[in-house]
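Going by the numbering used here, 608 is the number at position 21 of the sequence shown; the sequence numbering is gapless. Using N, Cα and C, we set each Cβ at its ideal position, and we do this for glycine too. Reading through the structure tokens given below for one structure.
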Amino acid sequence: MIHKKDRRLRVGVLGCGPIAQFAHLESCAKASSADLYAICDAAPDLLARMGATYEPERMYGDYDEMLADPQLEAVIVATSDAYHVPMSIKA
């Protein structure tokens with residue numbers, strides 16, 4: 588039997604802007620039953636800074652590439668509101 592603490596969810600965060608920085612990235616990094624597995628952002632400099640800070644296993648500049656990763660189990664869409672629906676549908 589798998590116990591909750593034995594199984595950690597691999598989470599990807601789409602978007603590394605202010606909302607992701609103040610809430611989602613930190614929450615994933617501190618979660619007891621999840622790991623910040625991947626981050627994705629279109630801005631290479633922001634992606635590099637957040638990657639250096641949170642050290643996810645994977646970093647992506649393209650959302651479709653992140654979604655194609657078979658190890659990814661959950662996605663947090665932390666982009667601007669206009670992109671939530673289309674990106675959530677893809678996820």
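Asked	Found
8 Å contact criterion, which Ile-626 and Met-646 should meet: CB distance rounded	6 Å
Residue from Asp-632, Glu-652, Met-637 with nearest C-alpha to Ala-616	Met-637
Every unbroken alpha helix (DSSP H) inside the stretch 597-664 [4 residues or more]	612-617, 631-641, 650-654
Own chain partners of Ala-621 with C-beta closer than 8 Å, once the 5 adjacent residues on each side are dropped	Arg-595, Leu-596, Arg-597, Val-598, Cys-615, Ala-661
Rounded straight-line distance, which links the Cα of Leu-623 to that of Asp-656	14 Å
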